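First comes the structure, then the notes that go with it.
Residue numbers (the numbering used here): 10 to 140.
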């Protein structure tokens, strides 16, 4: 049987949640409120998205170190109270907020969180394990 080199292993889960947010700077920042085909000033008003989440977490062995379905259900339970009211939060800020309880429950692991708006545009945040 072949020996494997050191391997970093992760599992990942996905889920979606409806949310409302806004980007207040878009209303009057001349780089955003351009008045032409690149104008995104509408983002300054509350608007709806389906936020897509992909959470990847390091595991230490091959046999359900963290069980996928349980991990996904736990993550979804944090967003169980209807539509997310995110105010001014970006995808990166949403990711940072989610990282905290994950790291509290599963410390000492590499974690990567992707949050996108409608599965179209988003952010990927990589959180190395705390030493």
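Virtual Cβ for every residue (Gly too), placed ideally from N, Cα, C.
Just so we're clear, the structure is a prediction, and the values are computed from it rather than from any experiment.
For this session: For residue 80, count neighbouring C-beta atoms within 10 Å of its own C-beta (all shown protein chains included) and say buried if the count is 16 or more, exposed if not.
Result: buried
Exercise. Would you say the segment 98-115 touches the segment 35-46, given that touching needs at least three Cβ pairs under 8 Å?
Worked result: no
For this session: Give the DSSP-derived three-state secondary structure of residue 82 in the structure shown.
Result: helix
Problem set entry | Three-state secondary structure assigned by DSSP to residue 114 | helix
Exercise. When DSSP labels each residue in this structure, what does residue 136 get in the three-state scheme?
Worked result: strand
Exercise. How would you label residue 26, buried or exposed, when you count the other beta carbons within 10 angstroms and need 16 or more for buried?
Worked result: buried
For this session: Whole angstroms is fine: what's the gap from residue 113's alpha carbon to residue 131's?
Result: 24 Å
Exercise. Can we say the segment 65-72 touches the segment 38-51, given the rule of at least three CB pairs closer than 8 Å?
Worked result: no
Exercise. Just to confirm, are residue 60 and residue 22 a CB contact at a threshold of 8 Å?
Worked result: no
Exercise. Mapping DSSP to helix, strand and coil, what is residue 64?
Worked result: strand
Exercise. Using CA coordinates, which residue listed in 121, 133 and 18 is at the minimum distance from residue 74?
Worked result: 18
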